[in-house]
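Here the structure is laid out as structure tokens; the discussion comes afterwards.
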Amino acid sequence: MTAPALYETGSGRDGIMCPVEQLWTPYGQDAEDSGFVAHRGLYVTGIDDPTEDHLFPTGFLVLGHQRWADIIEAAAAYMSQVHSWRNIYLYPGDDPSVLIPRIPRAVHTHGVFLRHPHPDHACGCGWDEAWRMVWAPGTEPGAVPVTALRHPAAAVTAASLPSPDTGAPATWAP
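Residues in the sequence shown are numbered consecutively from 208, following the numbering used here.
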């Protein structure tokens with residue numbers, strides 16, 4: 208994680224310096240208003256890889272450390288509600304005869320959520336409700352426990368999820 212991004216400032220419409228991003232903890236209605244879907248008490252959202260050039264999610268993020276089966280169900284609910292898909296196995300237009308051998312394993316890890324402070328600071332930019340998450344160790348101030356899962360049809364490296372097998376600060380979800 209690059210700490211300086213937490214403290215960068217920008218000049219608003221009125222010339223007053225304000226933070227470009229601030230720590231944010233998605234919770235309840237605020238999480239739903241920011242793109243998370245509530246499903247059986249879990250908050251799930253789709254995530255993209257760092258290039259952010261996909262039409263559909265390359266992975267899923269559920270707040271808290273959850274069971275693998277629960278995140279699969281939450282991811283399917285997200286795809287149903289947001290994209291009107293009946294399953295999470297293929298992207299639209301994919302060849303259904305292509306075999307996807309199994310759904311990837313979910314990981315327990317942590318992330319620091321950063322959010323543009325607008326509308327608290329009237330800077331006049333288009334970042335209203337914009338947020339991003341940076342993978343971080345659980346000891347990082349402001350780190351939130353999350354469970355992450357790559358979309359089954361996405362390339363293995365597409366979602367850039369931490370892997371416990373490579374020494375990342377993550378463990379496999381049960």
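C-beta atoms are modelled at their ideal positions from N, C-alpha and C, and glycine is treated no differently. Given the structure is predicted, the values throughout are model-derived calculations rather than measurements.
Neighbour-count burial assignment, residue i, 16 or more Cβ in a 10 Å radius
| i | result |
| --- | --- |
| Asp372 | exposed |
| Leu321 | buried |
| Gly248 | exposed |
| Asp301 | exposed |
| Pro303 | exposed |
| Pro299 | exposed |
| Arg309 | exposed |
| Thr232 | exposed |
| Ala212 | Per-residue confidence for Ala212 stands at a pLDDT of 41, beneath the threshold of 50, marking its modelled position as unreliable; the derived number appears in the next sentence. By the 10 Å Cβ count, Ala212 comes out exposed. |
| Ala362 | exposed |
Where residue i falls: helix, strand or coil (DSSP)
| i | result |
| --- | --- |
| Val384 | The question about residue 384 has no answer here: the residues shown for the chain are numbered 208 through 381. |
| Pro211 | Residue placement at Pro211 cannot be trusted, given a pLDDT of 38 that sits under 50; the coordinates are not used to answer. |
Contact with chain B by residue i, beta-carbon distance below 8 Å
| i | result |
| --- | --- |
| Phe243 | No chain B is present in this structure, which holds just one protein chain. |
Own chain, CB closer than 6 Å to residue i, minus 5 neighbours either side, in chain order
| i | result |
| --- | --- |
| Tyr250 | Ala238, Phe243 and Leu270 |
| Ala281 | His246, Leu249, Val251 and Val269 |
| Trp275 | Ala313 and Ala380 |
| Leu230 | Gly349 |
Member of the options whose CA lies at the smallest distance from the CA of residue i
| i | options | result |
| --- | --- | --- |
| Gly253 | Gln229, Ala365 and Thr232 | Ala365 |
| His317 | Ala350, Ser370, Gly266 and Asp301 | Ala350 |
| Pro311 | Pro348, Ile279, Asp240 and Trp231 | Ile279 |
| Val353 | Asp240, Asp277, Leu262 and Gln236 | Asp277 |
| Ser287 | Ile307, Phe263 and His272 | Phe263 |
| Gln273 | Asp255, Leu368 and Ala355 | Ala355 |
| Val305 | Ser367, Ala337, Ala360 and Pro344 | Ala360 |
| Pro442 | Leu297, Ala337 and His315 | Given that the chain is displayed from residue 208 to residue 381, the structure contains no residue 442 and the question cannot be resolved. |
| Ser241 | Gly266, Met340 and Ile307 | Met340 |
| Ala337 | Ala362, Glu347 and His323 | His323 |
Spatial neighbours of residue i in its chain, beta-carbon cut-off 8 Å, leaving aside the 5 residues before and after
| i | result |
| --- | --- |
| Val289 | Val244 and Gly253 |
Contact set for residue i: own chain, Cβ-Cβ below 7 Å, skip 5 residues either direction
| i | result |
| --- | --- |
| Ala283 | Asn294 and Ile295 |
**Prompt:** Which full runs of the beta strand (DSSP E) of 3+ residues lie inside the region 313-378, going along the chain?
**Reply:** 314-322, 338-342 and 351-357
**Item:** Completely contained beta strand (DSSP E) runs for the region 240-277, where each covers 3 or more residues
**Value:** 244-246, 249-254 and 266-270
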